[in-house]
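Please read the structure below before turning to the comments.
Chains as they are written, first to last, in the numbering used here: chain W, 16 to 557; chain Z, 179 to 671.
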């Protein structure tokens, strides 16, 4: 789609299509939920049969996802010990016909090394000419309300990268409406850290520019344009720049930039790719309430599973991409809240389907939602999930784009469109079907249904299904314990063991702090009510 | 990874396509049996729940693992003998019919103890008991005079004399008691030492008894019948010579001629239903305002014509009434209209479940309002009624009570008390429970599951635990029934 990627088209017929597609996700979700409730009272036997079928589908899907969660976790564990700088040097050596390192002895690392050698071979064959010392990193950090204390750890982590930080351009994209304290904090950070990087720019985004909404994407785009001018003034080719857009609380591993550079160098078509790390929420995970911890870990698990499916991977939260692709695609949308996923769709349409997301098995850490009190945290979590679920706003824009694009194969359009729709509908409905609606036929059974074999068999079948699903829960608990950072010493053993028990909250949190916000977002979209961007409240104990 | 993903996706899709229909068929009661026609048979199941739970289940000669509450699955349609055995309890046996795709539910099986000692709650002997409230208090009649009547409160315990308004009541001799089952009041019609007929209302207020002299409301009257609504003992409806008067005890007022040409009436559900000689049943609210009319069908009018008045109207449901005549006729306002021409000695409604039990001599009958059609839900189908008779229920039945949420019937035949289950075996048995003082009533209290009676020999007030309430309070499906499998292979599986 060469046109404007926006939920606010100018052409009347496009606006009509936009409204039609905006209604679809919410209508489907509500139809499912309300339809099942009505069917429970009208035809309880049919409803119970459908619920059994859904429960079985959900079990198999859960087991399927668990397999790939485990694989992803294992791969993440393997890559944790990878020396990315060494691999960059090997890549540079290959390009310069230099020596390649020997295979490691331990078999997990041998797998990783085997993939690396395949990448080396591919680089030699394709003649990819960029060297690691030619690469620049552009890191944009939008700031609206975040104080210095929230931003600084991320800057420190970038300043201490294995990849030379002198090749990192850091841009703090500051909203002009930010408070004086925030502005002062940003200025202090610039003074303190500028010398560590190629440069540390503070770009102040004016408020109320035409065509913009008060969204992070507008701020990031404004900063990216400034960065483009910066690179252009120094004759730096955009093809050699990797752009990353991080949340203000993002803290990266010391090898993140090196890992990113490696994936950039080994990607066959690097200027048509985004690079997605695994987001974790470990900055304050031990201070966050239990339900917040479970939710954030679940979000990480979801991204880990998605990483095993690069064909359908979509960028999320803090991510990276080719700066050339970003510029050619027209930067992030300036009137959409879900800029992180929207940029993928925008690029996909801009490049007629020739765009991909490369999963990176490296983590970057952000803050878990923790707003001081339980109630405030619940509210903040709800709003955050609703904002995430607002990614459904991409659906109508993407569908219109697919309508107009004649170059993307229809099978690919169908797959992408279906997955986008199914993901959001499932997000909003599955938890309700499993935890609430699934029990209605038994509770409101009329005499006819309550004297059927099915009435007595269904609980047993459901019990077996949920029992088997607990296997996935156990695996999730084990993996979560492995994924979490070491707890502070001051926490007693009992509390740390309680971390495992927290996962019993899954039915509650999945329903009220995941599915409900998703349904809320879809309903708003369906009713034409836009959402204002609200910066999620996060606090961090010293 | 992509290939691996596609491989597993295919495996799971195939697994779902195979498992889903199999699971649903299993849940519907279809089982695959080699050798049977088409390999698939329709089965039914039996759900058993006993009070108390934990009984061993025998189906035919085969013993099943697990105990009640239990679900016996995979049963071919047909008749099965079921036996439930629990230590220290009498075995329970019956025949059950299994229907394909249906569940035969026996969820109110009462196991009776082999021996259970009653608790003597009042040692002093009595001749009769009169219940106030739903067994909250019992009046113990020990003689013909009012001063011979004591009161036992279930919570307070012990027996206390009646709080008579003044000393003149002490020597008054009770001629009859007017009761409304479940009401917290009873009216004694007594003759004092001067020969005057007086009326005393005994009412239970909380844990206290209150006695009110109602004689002033009956000056110059000899009512044919007095009745009141279960929940409002302050409004009386008095029938005399075909005229129905309303008495408001709180306002101390009589409202004469609420209805005239009255053939009969009854109180239920906050209303008064009056049958007049134009063969209308008129519904009045407690304030005497006519709210609705129900026209009796022509055939019923023909049945009623020429018969005496004095009918009692028993409300079964919103549009179904029983008419119980003084001669024991029993008619219903829907075909077949006639239930009994004569001899019905008692009628006991089960208001919650919209059914009525009645008896005469040795027979017991139950009228039940049910949904018509096997596959219709209650709300969207025409309701219908069924009448069942048990011709050999006992000898000289004098009292009948609904027991254990309406799942059983308690019968008193002179001095014997027996129990029968309504749900379950096709041919239920009567199980003798107790021997009681001849002619004295028994009172079953649903809340506690106790049967209060006067013991046969000494006339002491005793309480016998019929239903162990801690076990019975759990709804069947909220407690996970054990899946029971046969210990030995057999035809049923």
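Built from N, CA and C at the ideal position, the CB exists for glycine as well.
Using a CB distance cut-off of 7 Å, residue 194/Z counts as an interface residue toward chain W. Counting only runs of at least 3 residues, the stretch 230 to 303 of chain W fully encloses the following beta strand (DSSP E) elements, listed from N- to C-terminal order: 256 to 260 and 288 to 295.
Taking a contact as a CB-CB distance under 8 Å, the pair residue 319/W and residue 87/W counts as one, their CB atoms being some 4 Å apart.
Straight across, the Cα-Cα distance linking residue 296/W with residue 223/W is about 32 Å. In this structure, residue 453/Z sits near residue 489/Z, with a CB-CB distance shorter than 7 Å.
Beta-bridge partners assigned by DSSP to residue 287/Z: 228/Z. In the three-state reduction of the DSSP assignment, residue 239/Z falls in the coil class, being assigned neither a helical nor a strand state. Among the residues of the stretch 267 to 288 of chain Z, those with a Cβ less than 7 Å away from any Cβ of chain W are 279, 280, 281 and 283, in the order of the chain. With a cutoff of 7 Å on beta-carbon distance, residue 368/Z and residue 352/Z are scored as near each other. Residue 568/Z sits in a strand when the DSSP states are folded into three classes. When the beta-carbon positions are compared, residue 66/W and residue 202/Z stay at least 7 Å from each other. Here the alpha carbon of residue 438/Z sits roughly 13 Å from the alpha carbon of residue 468/Z. The secondary-structure analysis by DSSP pairs residue 533/Z across a beta bridge with 528/Z and 546/Z. Straight-line measurement puts the Cα of residue 234/Z at about 14 Å from the Cα of residue 259/Z.
Using beta-carbon distances, residue 61/W does not count as an interface residue toward chain Z, since no partner is under 7 Å. With contact defined as three or more Cβ pairs closer than 8 Å, the stretch 272 to 285 of chain W and the stretch 379 to 386 of chain W are not in contact. Residue 478/Z has its alpha-carbon roughly 14 Å from the corresponding atom of residue 486/Z. Rounded to the nearest angstrom, the Cβ distance from residue 355/W to residue 338/W is 16 Å, too far for a contact under 8 Å. Distance between residue 46/W and residue 53/W, taken at the CA atoms: about 10 Å. Secondary-structure assignment with DSSP links residue 328/Z through a beta bridge to 318/Z and 339/Z. Under a criterion of Cβ atoms nearer than 7 Å, the residues of chain Z adjacent to residue 323/W are, in order, 179 and 183. With respect to chain Z, the C-beta atom of residue 469/W has a partner C-beta closer than 7 Å.
In this chain, the beta strand (DSSP E) harbouring residue 449/Z covers 449 to 454.
When Cβ-Cβ separations below 7 Å define contact, residue 64/W makes contact with chain Z. Assigned with DSSP and collapsed to three states, residue 415/Z falls in strand. Residue 345/W sits in coil when the DSSP states are folded into three classes, being neither helix nor strand. At a cut-off of 7 Å between beta carbons, residue 205/Z contacts chain W.
Looking at the DSSP output, residue 640/Z sits in a beta bridge with 298/Z and 631/Z. With respect to chain W, the C-beta atom of residue 316/Z has no partner C-beta closer than 7 Å. Any Cβ of chain W closer than 7 Å to the Cβ of residue 208/Z would place that residue at the interface, and such an atom is absent. At least 7 Å separates the beta-carbon of residue 466/W from that of residue 278/Z. Interface criterion not met: the Cβ of residue 450/Z is under 7 Å from no Cβ in chain W. A straight line joining the alpha-carbon of residue 252/Z with that of residue 533/Z spans about 33 Å. Proximity of chain Z to residue 326/W at the Cβ level (cut-off 8 Å) is accounted for by 180, in chain order.
Nearest C-alpha to residue 616/Z among 443/Z, 577/Z and 644/Z: 577/Z. Taking CB atoms only, residue 225/Z has a neighbour in chain W less than 7 Å away.
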